[in-house]
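Asker: As they're listed, the protein sequences go chains A and B.
Throughout the first sequence, residue numbering follows the working numbering, covering 9 to 369 in sequence.
Throughout the second sequence, residue numbering follows the working numbering, covering 964 to 1471 in sequence.
Please find one structure pasted underneath; my questions will follow.
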Amino acid sequence: MIPEKSKITQGQLMFFIIQSQVGVGILTLPHKLQESAKGAGWISVLIAGLAVQVIIVILWALCRRFPSDTIYGFLPKITGKFLGNLLCFLYIGYFLFSAGTVLAKFADVVGRWVLLATPRWALLILALLTCMYLAKENLRVIARLFVISSLTIIVMVALSLCGYVNANFSYIFPITEAGWGNIIKSANEALFPLVGYEAILVLYPFVEGKSGGKLKAASLGNMMITLFYTFEVFTSLVIFSPAVMPAVSEPLLYMLKGFSFQIIQRIDLIFLSLWVFVVSNAMVSWIYMATVGLGRFFHRGEHKKAVPYTICILFILAMIAQEPSVTDFYDQAIKVSHYTFVVGLPLILLCFAYFMRKRGT
Amino acid sequence: MKDVLSKFFSNNRAEEKPQMKISVYSSLDQNMEYIKNQLFHASDLKWRSISFNQSKGLIVFLESLADLQKIQQEIIKPLEGKSHGNVDKVVTSVDITKSSVLSEVPYALIQGNCVLLFEGSTEVFIVDVAAVNIRNISEPVNEGVIRGAHDGFIEHLMTNLYLVRKRVENPNLVVRYYQTGKETKTKLALLYMQDLANPDLIKEVDQRIASISLDMTLAPGFIAEMMEDNPSSIFPQILLTERPDRTAAHLMEGRVVILADGDPSALILPVTFFAFYQSPDDYHSRWIAGSFVRLIRLVSFIIASLIPALYIAVIGFHPEILPENLIFSVKSSIDKVPFPPIVEALIMQITLEVLREAGVRLPSRVGQTIGIVGGLVIGESVVRAGLISYPMVIVVALTAISSFVAPSNEISTATRILGFPLMILAALFGLIGITFGMLFILIHLCKLECLGTPYFAPVMPLRMKDMKDTFVRFPIWSLNQRPHDPHPQKYVQERNSRGWEQDDSGKE
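Below, the structure written as structure tokens:
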């Protein structure tokens, strides 16, 4: 069913989840959280992480019933052929759309911070070609690269640590300034940078070992990323005073811009270069999820044949999203579809599968 | 003779069909005529008449291949002395075979055998009298070490096998002969440890050697190119070495070695990227020093491939990344130069490559000229003339020196070529371009496999245990297991060699 060459270990699954989850959101997250949750933004991230954990358990419970099928395999089994295939295409659309959003935001940030004069299309082509080169490989190769790319996260944490030189912990007090209601509400905001854990829907059958271990790996990955995000948000919150924060859209980068070592003046550029690694990986992860579906429907399971035109679709998606109005629309669409496809539908499907006693063999 | 051959070259596939089997005539002249015709009356075909058992005979040989001394000592002398008896008992050579097929004789001759023919007999004797002309065993010039063994492979297969067998005195060391090159009949030897090397690996290698089908196998490079999984990658996937100690060490890790007659390099496979950065020197020096040197080598890989690109990105896109006082001194030199940094870099890199290539080709007597022309004229004058900036010269010099640090010539060339696409990316996209370039290279390294072994192991896939002998070299007594990448049959290679340490503590 699943070729031997595509099998990955549970450790690799963990890093896959980590790499899928770290995306563009991290740069703007502290700014957004500070708006609503004030100094308790980091608590919101923790709450969001907990919520994600719950969702992961739901997704896992669903996948566990069909241990040898990806989501594209078991959807038709639960809901019947027609509806199932329709849902599959919706999921493919959702994955593609997520990838497109990540790509667009990536191009925005790089265009604003580093390459001011470089045309957007050139940047997109560069990023997409690199992603294509990886995405058409089998899962094992992708996972290998993700494992090693995770080192960049450690370096990113180390770089952010420099910020503590001018930290002022009084900025976050009083912690409940915004009130618990707002804190929980902004957890909703913090949920979106954490998306990517849906990868488990597609990856589940590719992972070796028992289902319990798979859940553990996915949860551990999510935990690490939640902690990483919490750390970064916390760092930003103690460095920028509440008065300055609303003016700073990418607090992490601004923070690093202010520091310098003896030989490197602009640490933010180094941070961004590492961040490019992580974002490309997140994109590859989305592309892989989408192309597995497309490959199943159109290319007899060979996902790599679907990669070239997927890349073209993403290019168009990212080219459209240049105006703020379009970007906002993308954001809204992502939020709605995320709740529908990752939280709502799986829950319904799980209940449905449970009561209908549907099980894969 | 044929069955002897086929026994030797057990896996020799699709042997040339002998056109016709002609059996030995009973007339001596007829036989001789046939041999002469088959070798087209070659001038180095010689013969000498003898008489034995009262019949006339001939000794036929190629004087270019046969050892005349041997013929005299082992054949003529005993035959003259005895004058009757059994030929194969009288002749004192080690290797003597009887044959009744005349069409085999020319092939035997060109392998350095001599042939004994007798009037009235329908059998010939083929005696091995091949001359051995070899150079001395000397240290390989391009793989020198400070400490350790100073011998190296030479162009003679038997000597090379001797060097390896001498180091690994173990019946498990298997040697298999192959023959490649339809016309040149180059002899290959495949070496592996029966109890270590993975059987699947050997099967695969065997299959790949057997499928080589070309008229001439000139260099091991031919064989390497035929066997690599990704021949279009710029990274070498088969390690070439002229050092027997390196070869033996790799054999003992469960890898496979291919030696070719007529060439001093051994092919080692499967290897990982990091094998190209290991040198026997690492193991001869103390482990801290060895680790330090190896780290320097790996850093030099990064310097050689990345520094020109980084320079271009920083100067062209983000000069603000440099500290202020450095910006001024760099800028003052750059402002005089009319070209963008990428053009500067390309000019200098290509000049460097030209100098390097010229240095290899030039006879050593004029070699000094290169030093003067390259070092003084180009290095100093281009800056004076305002064509290239000082920092660029420094960057290129640093790149060149770092790339030559690699202990393997193949990887050093690969490194310098790798610099070019990175430079172009840096010129187009700055630091972001370099990041994508590096990502691309990493993906490529991640994709590469060498006979089922991931090329970038143990980093991708990550294996902490094998890290002990990758970036650094841990003390030998802590390297308890063989590297996992060639999937050897036995992992343990060291057991508590410093066991005496624990005994000490309890003593009073």
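Heads up, the beta-carbon is just placed ideally off N, CA and C, and yes, glycines get one too.
As the structure is a computational prediction, the values presented were derived from the model and not from experiment.
In chain B, which residues lie less than 7 Å from A/Val149 when you measure between Cβ atoms?
Answerer: By Cβ distance, chain B contributes Cys1409 and Lys1410.
Asker: Tell me, please, whether the CB atom of B/Val1068 is closer than 8 Å to any CB atom in chain A?
Answerer: No, B/Val1068 lies away from the interface with chain A (no Cβ there is under 8 Å from its Cβ).
Asker: Pick helix, strand or coil for A/Leu353, following the three-state DSSP scheme.
Answerer: Helix at A/Leu353.
Asker: Check whether the Cβ atoms of A/Val284 and B/Phe1280 lie closer than 8 Å to each other.
Answerer: Not a contact, by the Cβ cut-off of 8 Å.
Asker: Excluding the five sequence neighbours on either side, which residues of its own chain have a C-beta within less than 7 Å of the C-beta of A/Leu21, listed in chain order?
Answerer: Closer than 7 Å at the Cβ level, and outside the excluded window around A/Leu21, lie Leu211, Val215, Lys222, Ala225 and Ala226.
Asker: Closer than 9 Å between beta carbons: that is the criterion. Which residues of the segment 1417-1438 of chain B meet it against chain A?
Answerer: Correct list: Pro1417, Phe1419, Val1422, Met1423, Pro1424 and Leu1425.
Asker: Mark B/Ala1348 as exposed unless 16 or more other C-beta atoms lie within 10 angstroms of its C-beta, in which case mark it buried.
Answerer: B/Ala1348 comes out exposed.
Asker: Measure from the C-beta of B/Gly940 to each C-beta in chain A and report whether the shortest distance is under 8 Å.
Answerer: This structure gives no information on residue 940 of chain B, because the portion of chain B shown stretches from 964 to 1471.
Asker: In angstroms with no decimal places, state the Cα-to-Cα distance between B/Phe1264 and A/Leu83.
Answerer: B/Phe1264 and A/Leu83: Cα-Cα distance of roughly 49 Å.
Asker: Closer than 9 Å, Cβ to Cβ, to anything on chain A: give me those residues from the segment 1366-1395 of chain B, in chain order.
Answerer: Taking 9 Å as the Cβ-Cβ cut-off against chain A, the residues of the segment 1366-1395 of chain B that qualify are Leu1388, Leu1391, Phe1392, Gly1393, Leu1394 and Ile1395.
Asker: How many angstroms separate the CA atom of A/Leu98 from the CA atom of A/Val350?
Answerer: Going from the Cα of A/Leu98 to the Cα of A/Val350 covers about 12 Å.
Asker: Would B/His1281 count as contacting chain A if we go by Cβ distances under 8 Å?
Answerer: Closer than 8 Å: yes.
Asker: May I have the straight-line CA-CA distance separating B/Leu1164 from B/Ser1195, to the nearest angstrom?
Answerer: Computed Cα separation, rounded: 22 Å.
Asker: For A/Pro254, I'd like the list of residues in its chain whose CB is within less than 8 Å of its CB, leaving aside the five on either flank, ordered along the chain.
Answerer: Here the set comprises His39, Gln42 and Glu43.
Asker: Need the endpoints of the alpha helix (DSSP H) that B/Gly1020 sits in, please.
Answerer: Counting along the chain, B/Gly1020 falls outside any alpha helix (DSSP H), though it belongs to the beta strand (DSSP E) covering Ser1018 to Leu1025.
Asker: What does a CB cutoff of less than 6 Å around B/Arg976 pick up in its chain, not counting 5 residues either side in sequence?
Answerer: Note on B/Arg976: pLDDT 43, under 50, position unreliable in the model; the coordinate value appears next. Cβ within range, chain order: Ala1173.
Asker: Can you tell me which of the three DSSP states B/Gln1444 falls into?
Answerer: Strand at B/Gln1444.
Asker: Hey, how far is the Cα of B/His1119 from the Cα of B/Asp1158?
Answerer: Whole-angstrom Cα-Cα distance: 27 Å.
Asker: Go ahead and pull the three-state DSSP assignment for B/Thr1210.
Answerer: Helix.
Asker: A/Phe285 touches chain B at which residues, Cβ-Cβ below 7 Å?
Answerer: Within chain B, the residues near A/Phe285 are Thr1398 and Leu1402.
Asker: List the residues of chain C whose Cβ lies closer than 7 Å to the Cβ of B/Leu1285, in chain order.
Answerer: The question asks about chain C, but that chain is absent: this structure's protein chains are A and B.
Asker: I'd like to confirm the pairing. Which residues does DSSP put opposite B/Ala1093 in its beta bridges?
Answerer: DSSP, once it has assigned bridges, lists B/Ala1029 as partnering B/Ala1093.
Asker: Between B/Ile1097 and the rest of its own chain, which residues show a CB-CB distance below 8 Å, the 5 nearest in sequence each way excluded?
Answerer: Hits under 8 Å: Ile1117, Glu1118, His1119 and Thr1122.
Asker: A/Glu216 versus chain B: which residues are under 8 Å apart at the beta carbon?
Answerer: Correct list: empty, because the minimum Cβ distance to chain B is about 13 Å.
Asker: Counting only beta-carbon separations shorter than 8 Å, does B/Trp1463 have a partner in chain A?
Answerer: No, B/Trp1463 lies away from the interface with chain A (no Cβ there is under 8 Å from its Cβ).
Asker: To the nearest angstrom, how far is it from the Cα of B/Ile1341 to the Cα of B/Ile1221?
Answerer: Straight-line Cα distance between these residues: approximately 43 Å.
Asker: Quick one: any contact between the segment 281-299 of chain A and the segment 202-210 of chain A, if contact means 3 or more CB pairs under 8 Å?
Answerer: In short, these stretches touch, since the Cβ pair count reaches three.
Asker: Touch check for the segment 97-117 of chain A and the segment 339-347 of chain A: three-plus C-beta pairs under 8 Å?
Answerer: Judged by Cβ distances under 8 Å, the segment 97-117 of chain A makes contact with the segment 339-347 of chain A, as three or more pairs qualify.
Asker: Just checking: is the beta-carbon of A/Tyr296 within a distance shorter than 8 Å of some beta-carbon in chain B?
Answerer: Output row for A/Tyr296: interface = no.
Asker: List the residues of chain A that B/Leu1269 touches, going by C-beta distances under 8 Å, in chain order.
Answerer: Ordered by position in chain A, no residue passes the 8 Å Cβ test against B/Leu1269, which lies about 12 Å from the chain.
Asker: Can at least three beta-carbon pairs, one atom from the segment 1173-1188 of chain B and one from the segment 1101-1114 of chain B, be found at a separation below 8 Å?
Answerer: No, because fewer than three Cβ pairs between the segment 1173-1188 of chain B and the segment 1101-1114 of chain B fall closer than 8 Å, the two stretches do not touch.
Asker: Taking the DSSP output, what are the residues bridged to B/Arg1130?
Answerer: Its beta-bridge partners do not exist; DSSP assigns none.
Asker: Taking all protein chains shown into account, do 16 or more other C-beta atoms lie within 10 angstroms of the C-beta of A/Gly365, making it buried, or fewer, making it exposed?
Answerer: One point to set straight first is that residue 365 of chain A is Arg, not Gly, in the sequence displayed. The residue is exposed, with fewer than 16 neighbouring Cβ atoms inside 10 Å.
Asker: Using a Cβ-Cβ distance cut-off of 8 Å, determine whether A/Arg120 contacts chain B.
Answerer: It does not; no Cβ of chain B falls within 8 Å.
Asker: In the DSSP output, what is B/Arg1139 paired with across the bridge?
Answerer: In DSSP, B/Arg1139 forms a bridge with B/Leu1153.
Asker: In whole angstroms, what is the alpha-carbon distance linking B/Ile1022 and B/Glu1146?
Answerer: Whole-angstrom Cα-Cα distance: 27 Å.
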